[in-house]
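Numbering (our numbering), first residue to last: 997 to 1269.
Input: a single structure, listed below in structure tokens.
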């Protein structure tokens, strides 16, 4: 199956099962085609992006004793993962001239995002919040509209929003475990482990594509588009070990940790403001 065909299906299908389906055969990149960039992803009617702030806020830790509130949390996180998959599919269509190895790497991460969506959606349904029964935000998709290059994508998605989830996933794991929800905890722990690989992928390609004389941190921060900025890459619980595991050096981590002090009062969630 051609990468372009796979990406087109993930991005434009209005059938959720089809959007989340894997490639039907080994992926090839023989016909990447011309650049293509739709204004919106295809989605079923019950998952169309709602107006700004119309979707529910991420429940607080104290409310996780209520299974219904945990269901809302999984619903929100399923939408985060689905948007990530859609943005990655968009990247494959918008930048057909990107290095082939990069494109195959994006497709591998995209498959993880599809799996993460299914995991959260399944658990949300078990807790009484079937995916699509609540309004959903288009925050991640909206931010991706500013990406004008592969480096913009690397800065915005793997090195900001996915890096932020290194912290959030550990926060949520502790919240689930505090109410003995081992299913929820296992889901976010698995996603945390995957995010380390995703951040490592982003960092590797940032280093390959940036000017050799530019530091990792400066290359990353220089390709962020407002409102994405360094402090958006950290949660309330700054985890140095996860960042080391992803290949960040101590200088990058130390500069980033300074930003963690500016996150107090921000809402929980992978990317929502």
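Don't be surprised by glycine CBs; every beta carbon is placed ideally from N, CA and C.
Here the structure is a predicted model, which means the values were calculated and not measured.
Residue i CB to nearest heavy atom of the ligand COA below 7 Å
i: residue 1073; result: For the ligand COA, the structure offers nothing, since it holds no ligand at all.
Beta-carbon proximity list for residue i, same chain, < 8 Å, skipping 5 on both sides
i: residue 1155; result: 1195, 1198, 1199, 1202, 1216 and 1229
i: residue 1239; result: 1159, 1162, 1195, 1248, 1249 and 1252
i: residue 1064; result: 1123, 1124 and 1125
i: residue 1146; result: 1087, 1091, 1094, 1098, 1201 and 1205
i: residue 1173; result: 1181
As assigned by DSSP and simplified to three states, the class of residue i
i: residue 1096; result: helix
i: residue 1168; result: helix
i: residue 1033; result: coil
i: residue 1010; result: coil
i: residue 1040; result: coil
i: residue 1103; result: helix
i: residue 1277; result: A question about residue 1277 goes unanswered here, because the residues of the chain that appear run from 997 up to 1269.
i: residue 1179; result: helix
i: residue 1245; result: coil
i: residue 1205; result: helix
i: residue 1055; result: coil
i: residue 1125; result: coil
i: residue 1196; result: helix
i: residue 1050; result: coil
Opposing strand residues paired with residue i [DSSP bridges]
i: residue 1045; result: 1132
i: residue 998; result: 1024
First through last residue of the alpha helix (DSSP H) which encompasses residue i
i: residue 1072; result: 1063-1090
i: residue 1143; result: Note, residue 1143: premise wrong, no alpha helix (DSSP H); not H, not E.
Own chain residues within Cβ distance below 6 Å of residue i, not counting five before or after
i: residue 1213; result: 1248 and 1251
i: residue 1115; result: 1183
i: residue 1045; result: 1134
i: residue 1185; result: 1169
i: residue 1150; result: 1198, 1201 and 1202
Cutoff 7 Å; reference residue i; Cβ partners in own chain excluding five residues on either side
i: residue 1106; result: 1006, 1081, 1084 and 1085
i: residue 1120; result: 1067, 1070, 1071, 1074, 1126 and 1127
i: residue 1010; result: 1038, 1039 and 1040
i: residue 1014; result: 1005
**Request:** Could I get the ranges of all uninterrupted alpha helix (DSSP H) runs contained in the stretch 1209-1236, with 4 residues as the minimum, in chain order?
**Result:** 1212-1218
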